[in-house]
Each structure stands twice: as structure tokens, then as C-alpha cells.
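Engineer:
In the UniProt record's numbering, the protein residues as written are 1 to 483.
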């Protein structure tokens with residue numbers, strides 16, 4: 001059976017102006033016409049009881065509220081429901097601004113909007129806008145200055161050596177995200193590293209391990225308290241397992257023995273110890289330096305239990321200075337440089353296989369008062385060939401080692417190395433016989449010859465190669481860094 005509410009057909013009539021004013025505003029009302037139908041579909045003489053409706057009509061966001069109960073007009077076929085309403089009145093004004101919409105672009109410059117609405121009744125908002133009108137604002141926005149650009153991977157680098165030297169392991173290769181390099185927070189998809197299994201096809205060695213400790217051995221001494229404490233010792237072997245030989249395994253790490261002090265031994269004899277040194281004797285000389293004497297006694301401690309007497313001397317000497325000058329013997333100073341290689345009564349021996357002579361001298365220095373003069377010769381003579389500035393064939397030396405970077409703290413430091421044209425010494429006789437029966441005398445070459453080499457990189461005597469010093473750090477005072 002259908003309920004009366006379900007049987008009634010109802011519709012709202014047009015809104016009329018309220019007949020009763022609230023404040024100074026008109027108050028609208030509305031009516032509902034409803035046809036009552038009986039259960040069997042015929043008209044009923046009594047009005048149907050409908051649930052009281054709630055008047056909550058929204059007009060331009062203004063709430064309406066029902067203030068009076070239903071007023072029923074009893075009739076056989078029609079009843080009119082009149083609802084009186086009140087309006088909360090205020091002058092039109094702008095609502096608060098809404099939140100800004102999200103930026104239209106996630107990167108680079110975009111735009112975003114916000115709005116507000118004219119709400120109220122009986123008038124206009126500022127700027128002569130009617131209630132219900134919208135006002136918009138648009139502004140520029142930027143979440144990120146540039147859009148991410150994805151990078152590209154370089155080619156895979158070579159595989160690293162296998163992670164193990166025997167059995168199976170892994171190897172790795174890498175690539176770089178630089179072909180092209182990503183921009184603005186972009187990246188390269190995928191991994192920068194990949195690994196794979198590798199097999200060395202080599203048998204792994206067996207490394208040695210220690211077996212259990214053996215028993216403690218006999219004590220190394222018969223008493224305690226002596227200079228060397230008696231110890232007992234035990235050992236172990238590297239046999240659990242023993243290192244393999246093919247392939248060779250690692251030997252056991254650590255010591256094959258350990259020791260500890262012995263217990264339960266009698267005290268040892270006490271050796272004597274020296275007491276403090278006594279006063280120094282007067283200086284025995286009247287000039288220059290002399291020697292004084294000190295004595296000590298073996299009483300710290302006194303030898304006990306058959307211990308030995310003090311080791312060492314019971315006396316010692318010291319140098320003493322009388323502050324009076326004594327005669328000092330002379331001593332030879334260093335030899336001076338050799339003079340030019342010449343030959344008496346010959347004006348020219350350069351660049352020829354003609355022996356000459358050179359002389360060097362030394363000075364007797366340090367002699368004071370009545371001291372002795374220096375013993376030996378003040379002059380030294382040797383035989384020589386004069387090749388100074390002689391043109392000789394030569395050959396290029398190997399490259400020298402790289403020098404230091406210069407300037408050390410300046411811009412663009414460089415380093416250099418050189419090859420020199422070195423002269424070949426002539427094949428002259430290395431010895432000569434001056435006096436028969438006195439043996440041979442050595443002959444040396446003297447002077448700086450002019451070497452001749454084939455042109456190397458357009459140079460005759462010196463070839464120099466330079467390179468820049470890379471990634472040179474700045475010169476900073478270490479004391480400034482500590483401040």
C-alpha cells in the first residue's frame with residue numbers, strides 16, 4: 001500500500017513578496033499546492049498529514065529560515081501550505097579573496113587566478129557590482145625557473161677486474177650521465193653501474209690457521225727479583241690447516257709462541273749499585289784544556305746474597321778549561337781549485353795530445369802562539385790534457401727528470417726537463433812515464449769542451465721540454481687557516 005506522502009503530487013509556486021516586513025527589507029514567502037488522493041485513488045474528505053517542511057532557500061548565498069508552522073486550509077481536494085520566512089539582512093559587500101589556483105605551469109613562468117563574490121541584499125558592492133557578481137585577479141607565477149631536461153648516458157666503460165683472484169666473483173662497469181648532461185634537476189633514466197659474475201678459473205689457496213697451544217715449558221730461571229725475570233714458554237704450530245703450496249696460501253699471522261712469568265721461585269742475589277758521584281778534583285793544567293776526576297761508591301744498593309759488585313768504573317773524567325791560551329799546531333785547509341793546464345816553454349797545448357801540468361795550493365790555518373807548522377806539501381801537481389773549449393763530437397743525454405713547477409704560487413705554473421749535448425773525450429793516453437823506474441803517472445782531462453751533436457728539435461746543445469702543472473692549489477699561509 002502506498003503512503004499518503006508518496007501519493008501526493010506537490011510543486012512549489014512562484015515566490016511572492018513577504019507581507020510582513022522584517023527591518024526594512026521585503027520578506028518573500030512561498031506556497032505549496034498539494035492534491036490529496038485516497039488509498040484507492042479517490043479524493044479524501046480529510047486533509048492528509050504531511051511532514052512539516054523546512055524553509056531553507058538560498059538566494060545569493062543568503063540563508064532563509066522557517067519561522068512559523070504549517071497553516072493548513074482544510075478542503076476535500078486541495079490544501080495550501082503557507083510558510084513565512086525571515087531574512088538575515090546586511091548590505092552587499094565583497095567576500096574574502098579565495099586561495100590562488102595552482103600555477104598553470106610546473107616549470108618556467110605561468111599564471112594563477114583567485115576570485116571573490118559580491119554577497120548581500122538590497123544594494124551594490126563597490127565598483128557598482130550587483131550581488132552574485134564575481135571579481136577575478138590574475139598574477140604571474142613560477143615554481144621553477146627552468147624545466148628539467150633529461151640527460152643521456154655515455155657508453156659503458158670497461159669492466160673492472162674480477163673482485164676476487166680465485167674462484168668466482170663479480171666485475172663492474174660504469175657509465176656517466178653526460179651525453180648530454182641533464183639540466184635543471186633532470187637526470188638519466190637507469191643505473192650508472194652494472195655488475196656481472198666472473199670466474200677466475202683459479203683454485204683458491206688454503207690459508208694457514210693455528211693449532212691448539214702446547215704445554216708450558218720449563219722456567220728460564222731459578223730465582224725471582226733479578227734483572228731478568230724468569231719466564232716459561234709454550235708454542236703452537238700452523239697446521240689447522242697448514243697453508244697450501246699450490247697455490248700458495250697465507251701463513252698464520254701472529255707469534256708461534258707466548259711466554260709468561262714463573263711463580264714460586266726464591267729471590268735472586270742482589271747486584272751492587274753505584275752511589276752518587278763525589279766532588280770534582282781541581283783542573284791539573286795551567287793553560288788550554290785539562291781533565292778533572294770524579295769518584296763514586298758501590299753502595300746503592302750494596303751487593304747481597306752473593307750478588308756481583310757494581311759494574312763499570314768507580315771514576316770518570318771531565319774536560320776543564322783554564323781560559324788561558326796554549327800553543328796550537330797548524331792544520332791544512334781545503335785545496336783550492338786547479339789552475340789552467342799549461343806546459344812550460346810551450347805557448348799552446350790546447351786540443352792536442354800534449355801533456356801539461358796543473359797546480360793547486362792549500363793554506364796552513366789555525367796555528368797559534370808557538371804551535372807547530374803544518375806538515376806536508378802546500379802545493380800539489382798533476383798532469384793533464386787541455387781540452388777547454390775544444391770542439392769535440394758528442395751525443396745527446398737521456399731526458400733529465402722533471403723539475404719543480406714554477407712559479408710555485410703564480411698563474412699557469414710549468415715544469416721542464418732537458419737533454420744535453422755531452423762531448424766524447426778524445427782517446428788520449430791515460431798515463432805517462434816521466435822518470436824511468438818511477439812508474440806511470442795518471443793524466444786527466446781539464447776544461448769544458450764544446451760538444452757537437454746532431455740537431456735535435458732544432459737545437460745544438462740543450463733541448464728543453466715544458467709541460468703545464470695541472471690543478472695547482474692556491475698558496476695559503478697555514479697560520480691564517482688556524483686563525
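Virtual Cβ for every residue (Gly too), placed ideally from N, Cα, C.
In this text, all values refer to a predicted model and were calculated from it rather than measured experimentally.
(1) Using the rule of at least 16 other Cβ atoms within 10 Å of the residue's Cβ for burial, across every protein chain shown, is residue 260 buried or exposed?
(2) With a threshold of 6 Å on Cβ separation, who are the neighbours of residue 289 within its own chain once the five nearest residues in sequence on each side are excluded?
(3) Rounded to whole angstroms, what's the CA-CA distance from residue 468 to residue 412? Just pull it up for me.
(4) May I have the straight-line CA-CA distance separating residue 273 from residue 266, to the nearest angstrom?
(5) I'd like the list of long-range same chain contacts for residue 278, defined as Cβ closer than 7 Å, with 5 residues on each side in sequence excluded.
(6) Tell me whether the beta-carbon of residue 451 lies closer than 8 Å to the beta-carbon of residue 421.
(7) Residue 197: which of 340, 245, 167, 203 sits nearest, CA to CA?
(8) Taking one C-beta from the region 358–374 and one from the region 329–339 each time, how about it: are there three or more such pairs within less than 8 Å?
(9) Excluding the five sequence neighbours on either side, which residues of its own chain have a C-beta within less than 6 Å of the C-beta of residue 95, listed in chain order?
(10) What do you reckon, is the C-beta of residue 407 under 7 Å from a heavy atom of the ligand HEM?
(11) Which first and last residues belong to the beta strand (DSSP E) in which residue 445 is found?
(12) From residue 366 to residue 381, what does the alpha carbon distance come to, in whole angstroms?
(13) Within 10 Å of its beta-carbon, does residue 432 have 16 or more other beta-carbons around it, so buried, or fewer, so exposed?
(14) Could you pull the start and end residues of the beta strand (DSSP E) that residue 318 belongs to?
(15) Ends of the beta strand (DSSP E) at residue 234?
(16) My guess is that residue 227 and residue 262 are in contact by the Cβ rule of under 8 Å, so how many angstroms apart are they, rounded?
(17) When the distance is taken between beta carbons, is residue 223 closer than 8 Å to residue 268?
(18) Quick check: the region 90–106 against the region 122–134, are at least 3 beta-carbon pairs closer than 8 Å?
(19) Among 285, 275, 281, which residue has its Cα nearest to the Cα of residue 302?
(20) When DSSP labels each residue in this structure, what does residue 131 get in the three-state scheme?
(21) Pick out whichever of 121, 98, 144 has its Cα sitting closest to the Cα of residue 493.
(22) For residue 121 and residue 187, I'd like the C-alpha separation in whole angstroms.
(23) Is the number of C-beta pairs between the region 178–194 and the region 204–216 that are closer than 8 Å three or more?
(24) With residue 377 as the anchor, note down where its beta strand (DSSP E) starts and where it stops.
(25) Between the alpha carbons of residue 208 and residue 192, how many angstroms are there, rounded?
(26) Determine the DSSP secondary structure at residue 480, reduced to helix, strand or coil.
(27) From residue 476 to residue 408, what distance separates their C-alpha atoms?
(28) Which one of 189, 140, 458, 280 has the shortest CA to CA distance from residue 315?
(29) Express the C-alpha separation of residue 400 and residue 461 in angstroms, rounding to a whole number.
(30) Using DSSP with H/G/I as helix, E/B as strand and the rest coil, what is residue 96?
(31) Is residue 419 near residue 402, with beta carbons less than 8 Å apart?
(32) So, are the CB atoms of residue 173 and residue 160 less than 8 Å apart?
(33) Could you have a look at residue 126 and say whether DSSP puts it in helix, strand or coil?
(34) For residue 194, report the span of its beta strand (DSSP E) as first-last.
(35) Among 377, 423, 329, 305, which residue has its Cα nearest to the Cα of residue 371?
(36) Quick one: Cα of residue 27 to Cα of residue 138, how far?
Structural biologist: This is what the structure gives:
(1) Here residue 260 refers to the residue found at position 260 of the chain shown. Result: exposed.
(2) One-based indexing of the chain shown puts residue 289 at position 289. Spatial neighbours of residue 289 in its own chain (CB-CB distance under 6 Å, excluding positions within 5 residues in sequence) are listed in chain order as 319, 321.
(3) Within the chain shown, the letter at position 468 stands for residue 468. Within the chain shown, the letter at position 412 stands for residue 412. For the pair residue 468 and residue 412, the Cα-to-Cα distance works out to about 7 Å.
(4) As a position in the chain shown, residue 273 is number 273, starting the count at 1. As a position in the chain shown, residue 266 is number 266, starting the count at 1. Near 21 Å, if we compare the C-alpha coordinates of residue 266 and residue 273.
(5) As a first step, residue 278 must be located in the chain shown, where it is residue number 278. If the five residues before and after residue 278 are omitted, its C-beta is found closer than 7 Å to the C-beta atoms of 294, 295, 296, all from its own chain and listed in chain order.
(6) Against the chain shown, residue 451 aligns to sequence position 451. Against the chain shown, residue 421 aligns to sequence position 421. In this structure, residue 421 lies closer than 8 Å to residue 451 by Cβ.
(7) Counting from 1 along the chain shown, the entry for residue 197 is found at position 197. Selection 340, 245, 167, 203 evaluated against residue 197 yields 167 as nearest (Cα-Cα).
(8) Yes: the two stretches touch, three or more of their Cβ pairs being nearer than 8 Å.
(9) Counting from one through the chain shown, the residue named residue 95 turns up at place 95. Contacts found: 116, 117, 119.
(10) The model depicted lacks the ligand HEM and carries no ligand whatsoever.
(11) Sequence index remark: in the chain shown, residue 445 carries index 445 (1-based). Element bounds for residue 445: 440–446.
(12) Here the question's residue 366 lines up with position 366 in the chain shown. Here the question's residue 381 lines up with position 381 in the chain shown. Each residue's CA atom was taken as its position, placing residue 366 and residue 381 some 24 Å apart.
(13) Sequence index remark: in the chain shown, residue 432 carries index 432 (1-based). So residue 432 counts as exposed.
(14) As a position in the chain shown, residue 318 is number 318, starting the count at 1. In this chain, the beta strand (DSSP E) harbouring residue 318 covers 315–321.
(15) Position 234 of the chain shown, counting from 1, holds the residue named residue 234. For residue 234, the enclosing beta strand (DSSP E) begins and ends at 231–235.
(16) Numbered from its first residue, the chain shown carries residue 227 at position 227. Numbered from its first residue, the chain shown carries residue 262 at position 262. In fact, because the Cβ distance is near 15 Å, the residues do not count as touching under 8 Å.
(17) Sequence index remark: in the chain shown, residue 268 carries index 268 (1-based). Sequence index remark: in the chain shown, residue 223 carries index 223 (1-based). Judged by beta-carbon spacing, residue 223 lies within the 8 Å limit of residue 268, meaning their Cβ atoms are closer than that value.
(18) Taking a cut-off of 8 Å for Cβ pairs, the region 122–134 and the region 90–106 touch, as three or more such pairs fall below it.
(19) Locating residue 302 in the chain shown gives position 302, where the first residue counts as 1. Answer by Cα proximity: 275.
(20) Translated into the one-based positions of the chain shown, residue 131 becomes position 131. Residue state, collapsed to three classes: coil.
(21) A question about residue 493 goes unanswered here, because the residues of the chain that appear run from 1 up to 483.
(22) Indexing the chain shown from 1 puts residue 121 at position 121. Indexing the chain shown from 1 puts residue 187 at position 187. Counting only the Cα atoms, residue 187 lies some 58 Å from residue 121.
(23) By the Cβ test, the region 178–194 is not in contact with the region 204–216, since fewer than three Cβ pairs between them sit closer than 8 Å.
(24) One-based indexing of the chain shown puts residue 377 at position 377. Segment: none, residue 377 is in no beta strand (DSSP E) and carries neither H nor E.
(25) Within the chain shown, the letter at position 208 stands for residue 208. Within the chain shown, the letter at position 192 stands for residue 192. The straight-line gap from Cα to Cα measures roughly 40 Å.
(26) Here residue 480 corresponds to residue number 480 of the chain shown, with the count starting at 1. DSSP places residue 480 in helix when its eight states are reduced to three.
(27) Here residue 476 is taken as the residue at index 476 of the chain shown, counted from 1. Here residue 408 is taken as the residue at index 408 of the chain shown, counted from 1. Each residue's Cα considered, the two are about 12 Å apart.
(28) Here residue 315 refers to the residue found at position 315 of the chain shown. For residue 315, the nearest C-alpha among the options comes from 280.
(29) Looking up residue 461 in the chain shown gives position 461. Looking up residue 400 in the chain shown gives position 400. Just so you know, the alpha carbons of residue 461 and residue 400 end up roughly 14 Å apart.
(30) The residue given as residue 96 occupies position 96 in the chain shown. In this structure, DSSP gives residue 96 a state outside helix and strand, which the three-state scheme calls coil.
(31) Numbered from 1 along the chain shown, position 419 holds the residue referred to as residue 419. Numbered from 1 along the chain shown, position 402 holds the residue referred to as residue 402. The beta carbons of residue 419 and residue 402 sit no closer together than 8 Å.
(32) Locating residue 173 in the chain shown gives position 173, counting from the first residue. Locating residue 160 in the chain shown gives position 160, counting from the first residue. Taking a C-beta distance under 8 Å as the contact criterion, residue 173 and residue 160 qualify as a contact pair.
(33) The count along the chain shown starts at 1 and reaches residue 126 at position 126. Residue 126 carries a helical assignment under DSSP once its states are collapsed to helix, strand and coil.
(34) As a working mapping, residue 194 is identified with position 194 in the chain shown. It spans 193–199 - the beta strand (DSSP E) in which residue 194 sits, taken as one unbroken run.
(35) Here residue 371 refers to the residue found at position 371 when the chain shown is read from its first residue. Selected option, being the one with the closest Cα: 329.
(36) As a position in the chain shown, residue 27 is number 27, starting the count at 1. As a position in the chain shown, residue 138 is number 138, starting the count at 1. Because residue 27 sits at a pLDDT of 36, beneath the cut-off of 50, its placement in the model cannot be relied upon, and the following sentence gives the value as read from the coordinates. Taking the straight line joining both Cα atoms gives about 38 Å.
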